[in-house]
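Shown next, in structure tokens, is the structure this report addresses.
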Amino acid sequence: MLLIILRRLGQSVFVLFLVAFVSFMMFRYVGNPVDNLLGQEATVEQREALIEALGLNDPLHTQYLGFVTRALQFDFGNSYRGAQPVADMILERLPATLELALVSALFAMLFGVIAGVYTAIFRNGFSAHLIMSTSLIGVSLPTFLIGVLLIWLFAVELGWLPSFGRGETVQIGFWSTSLLTVSGLKSMVLPAITLGLYQMTLIMRLVRAEMLEILRQDFIRFARARGLPERVVYFGHALKNTLVPVITVAGLQLGSIVAFAIITETVFQWPGVGLMFINAVFFVDIPVMSAYLLLVGTLFVVINLIVDLLYLAIDPRIRDSQLKRQST
Amino acid sequence: MSETILSVRNLRVVFPHRHGVLVPIDEISFDVKKGEIIGFVGESGAGKSMTGAAIIGLIDPPGYIERGEIWLKEERIDQLGISAANRIRGRRISMVFQDPLTSLNPLRTIGDQLVETILTHLPVSADEAKRKAIAGLEEVDIDPERFNAYPHEFSGGMRQRVVIALALSAEPELIIADEPTTALDVSVQAQVLELLKKLCREHGASVILITHDMGVIAETTDRVAVLYAGRLAEIGDTQTLLRDPQHPYTKGLIASTPSVEYGDISTELFQITGAMPRLDALPDGCAFHPRCGQALAHCATKRPHIERNRVACWLYNDV
Chain A
724 MLLIILRRLG QSVFVLFLVA FVSFMMFRYV GNPVDNLLGQ EATVEQREAL IEALGLNDPL
784 HTQYLGFVTR ALQFDFGNSY RGAQPVADMI LERLPATLEL ALVSALFAML FGVIAGVYTA
844 IFRNGFSAHL IMSTSLIGVS LPTFLIGVLL IWLFAVELGW LPSFGRGETV QIGFWSTSLL
904 TVSGLKSMVL PAITLGLYQM TLIMRLVRAE MLEILRQDFI RFARARGLPE RVVYFGHALK
964 NTLVPVITVA GLQLGSIVAF AIITETVFQW PGVGLMFINA VFFVDIPVMS AYLLLVGTLF
1024 VVINLIVDLL YLAIDPRIRD SQLKRQST
Chain B
58 MSETILSVRN LRVVFPHRHG VLVPIDEISF DVKKGEIIGF VGESGAGKSM TGAAIIGLID
118 PPGYIERGEI WLKEERIDQL GISAANRIRG RRISMVFQDP LTSLNPLRTI GDQLVETILT
178 HLPVSADEAK RKAIAGLEEV DIDPERFNAY PHEFSGGMRQ RVVIALALSA EPELIIADEP
238 TTALDVSVQA QVLELLKKLC REHGASVILI THDMGVIAET TDRVAVLYAG RLAEIGDTQT
298 LLRDPQHPYT KGLIASTPSV EYGDISTELF QITGAMPRLD ALPDGCAFHP RCGQALAHCA
358 TKRPHIERNR VACWLYNDV
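As given, the protein sequences belong to chains A and B, one line each in that order.
Remember, the numbering used here sits 723 above the position in the first sequence when you count from 1.
Remember, the numbering used here sits 57 above the position in the second sequence when you count from 1.
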């Protein structure tokens, strides 16, 4: 068992090196770092000095190794704009994005699974049909439109919730959280719904489809024939069997929630890494972009690792087939 | 005469359909006595499984019981609500399904599924339930060491034994075994049937054994009901019925069952020509008459009913 986990970990590290390589290539070859740093009026001496300082004359693998070593120490160089260390910028803004992503993922999972199970159990009921048709809105409306609509309704017309920013934050160590203040929580509502709505409808439809499939299985009939209460049949037997595909999708979706928070953060002026990335693209701030790429890549790898381990925890068949493969 | 535990009276199950209704079970009546094993035999679609589903109250919608009554001892059970039905299912009537590979929840241990069923029905503590579950596994010759094993770690025959242990776990009075051995290897079939028979005798449970295999009927059952196109063709003691079949369909079924004892490989098996009519195209009169070699003129117009508690055929009745 430990071996399987270690092997998965090894694979993840390998993928991370690849991500780091792409990120490095971008840093090194998209645009000329020297031009970007010094501007066009620099003297030849200044250029030579900088090239030497950045180690740009070293062979590629040395440069890559240096890049990885520095990345491992959270040193991504300085931003071209403002000359602030990229690591500091990310650290300052990452909590905002992660909190937003986590809240919207929880929102999506919770309501997605509940609504999915509900619509599967009462598949011919009026409210199930209503939920299914409404969910089409979630699937088909683009994120920015949902965000703008929510702002119009709840911030402009009703004035219940703020339309931009994070509200007050509380600093805990390096982490600034907005989950502990009333204004922070209020600010969280609209962006979280905007970001999570699509994922929620997706999870709901997936859970529903899987659930309908599982409910046709013999072991559900057998569970019913044993007189188990409906609650136990649905939640004790059916739901767990729907989880493997749901976790796969939910995990990947969590990754994309973080990665694509960009739009939501832009709409709500949320001070997270997505907004930072957009600004970096605007000013061709390569170190920020490459660090962001590395960050999102790492996030996906970690999530995939967790998803894989969850499979093993949920499904004994997968566990055993992995063990068998291990021993051969 | 022993006690009647299940009595089915004029059962009629219908499925609404785009063009009218299908009638997979039409006017079936029979009794099950305490401790007896009654076989239901017929081709696919004859209504065998549907009868079992009707008794345990698990007909898939949109099908429903249109007419008739099902009595479990003194209690009428064909119109129960879900919670009342759940007090009967598993507790007083259980079911064993055809495919043991898909009958068990793949993500939960067999012990867990046994304990869950016992705790649902019997007023016992968790420890007591576990003891009972282990005893149940021992009864079906599964090593209690494997209490925490998952279904995929067992062979088909072993899984069917686990299913039988599950079906028996709350000491039901009646077990409906729906083709319990069809999906198993021939060599395992006999073991599982023998085990089912033995355990039901020990527990005093009656069995409705649904099968399409006349050999299984002959080996296992006390009485047998022959179904054709949702109707009862013939019913009676297994010995009598096999020795002296009356309905032409029963005769055909028996003649078309291969027998190893023949020892004569040149013997050609009898075949009943044609196929059972589809439910949406049942002929008038006796449903079997288009395939019947002895059909009389009025077989095509008038439907025969079970006479003398035995056979539904115009050959034995006056019009």
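Idealized CB from N, CA, C, for every residue including glycine.
Note that the structure is predicted; figures quoted are calculated from it, not measured.
Can you name, in chain order, every residue of its own chain whose Cβ lies under 7 Å from the Cβ of A984 of chain A, other than the five neighbours on each side? T820, L823, A824, L918, G995, G997
Is it right to say T358 of chain B is buried, meaning 16 or more other beta carbons lie within 10 angstroms of its own, or is it exposed? exposed
Closest Cβ-Cβ distance between I113 of chain B and chain A: below 9 Å? yes
Of all Cβ atoms in chain B, is any one closer than 9 Å to the Cβ of G848 of chain A? no
Over what stretch of residues does the beta strand (DSSP E) that includes T61 of chain B continue unbroken? 61–74
With DSSP run on the structure shown, which of helix, strand or coil describes Q894 of chain A? strand
Burial state of R1072 of chain A, where buried means 16 or more other Cβ atoms lie within 10 Å: This structure gives no information on residue 1072 of chain A, because the portion of chain A shown stretches from 724 to 1051.
Runs of alpha helix (DSSP H) lying entirely within the region 735–818 of chain A, each at least 4 residues, in chain order: 756–761, 767–777, 783–795
Do L63 of chain B and I145 of chain B count as a contact pair if the criterion is CB distance below 9 Å? no
In the DSSP assignment, what residue or residues form a beta bridge with M152 of chain B? B:I233
Can you list, in chain order, the residues of its chain whose CB lies under 7 Å from that of I241 of chain B, leaving out five sequence neighbours each side? One detail in the question is off: residue 241 of chain B reads as Leu in this sequence, not Ile. Hits under 7 Å: G213, G214, Q217, V249.
What's the C-alpha gap between A772 of chain A and M748 of chain A? 22 Å
To test your reading of the DSSP string, which unbroken alpha helix (DSSP H) runs of 4 or more residues are found completely within the region 1002–1045 of chain A? 1009–1037
Quick test of the definition: if touching needs 3 or more C-beta pairs under 8 Å, does the region 892–907 of chain A touch the region 841–855 of chain A? no
Between which residues of its own chain and V273 of chain B is the CB-CB distance below 8 Å, once the five residues before and five after are set aside? G96, T238, Q246, L250, L266
State the Cα-Cα distance for the pair V956 of chain A and I116 of chain B, rounded to the nearest angstrom. 17 Å
When DSSP labels each residue in this structure, what does L284 of chain B get in the three-state scheme? strand
Kindly list the residues whose CB is nearer than 7 Å to the CB of K254 of chain B, restricted to its own chain and excluding five residues on each side of it in sequence; keep chain order. I94, T277
Classify K378 of chain B: buried if its beta carbon has 16 or more other beta carbons within 10 angstroms, exposed otherwise. Chain B is shown from 58 up to 376; residue 378 of chain B falls before or after that span and cannot be answered.
8 Å contact criterion, which F991 of chain A and F877 of chain A should meet: CB distance rounded: The pair is not a contact, with the Cβ atoms about 12 Å apart (cut-off 8 Å).
Examine chain B for any beta-carbon lying closer than 9 Å to the beta-carbon of P1053 of chain A, and answer yes or no. Outside the displayed range of chain A (724 to 1051) lies residue 1053 of chain A, so it cannot be described from this structure.
Any heavy atom of the ligand SAM within a distance shorter than 8 Å of the CB on V70 of chain B? With respect to small molecules bound, the structure shown includes none, and the ligand SAM cannot be examined in it.
Which residue or residues does DSSP assign as beta-bridge partners of W128 of chain B? B:S64, B:R133
Where do the ends of the alpha helix (DSSP H) carrying I112 of chain B lie? 105–113
Limits of the unbroken alpha helix (DSSP H) element including D169 of chain B: 167–178
Check the C-beta distance from A810 of chain A over to I980 of chain A and give it rounded, since I have them as a contact under 8 Å. Going by Cβ atoms, the distance from A810 of chain A to I980 of chain A rounds to 23 Å, so no, they are not a contact pair.
Keeping to the same chain, check which residues put their C-beta closer than 8 Å to that of I329 of chain B; ignore five residues upstream and five downstream. Y306, G309, L310, S313, R348
Would you kindly check if the distance between the Cβ of A286 of chain B and the Cβ of H304 of chain B is under 9 Å? no
Candidates A:R730, A:E775, A:T792, of which the one nearest F740 of chain A by Cα: A:T792
Distance cutoff 9 Å, beta carbons only. Does D1043 of chain A sit that close to anything in chain B? yes
Residue from A:G882, A:R1040, A:V1025, A:R928 whose Cα sits closest to the Cα of G733 of chain A: A:V1025
Taking the straight line between their C-alpha atoms, what separation do you get for V757 of chain A and H784 of chain A? 19 Å
In angstroms with no decimal places, state the Cα-to-Cα distance between E259 of chain B and L935 of chain A. 39 Å
Is there a C-beta anywhere in chain A that falls below 9 Å from the one on M107 of chain B? no
Return the chain-ordered list of same chain residues with a C-beta closer than 6 Å to the C-beta of L853 of chain A, the five sequence neighbours on each side being excluded. none
Following the continuous alpha helix (DSSP H) through T278 of chain B, name the residue where it begins and the one where it ends. Unbroken run through T278 of chain B: none, as it is neither H nor E.
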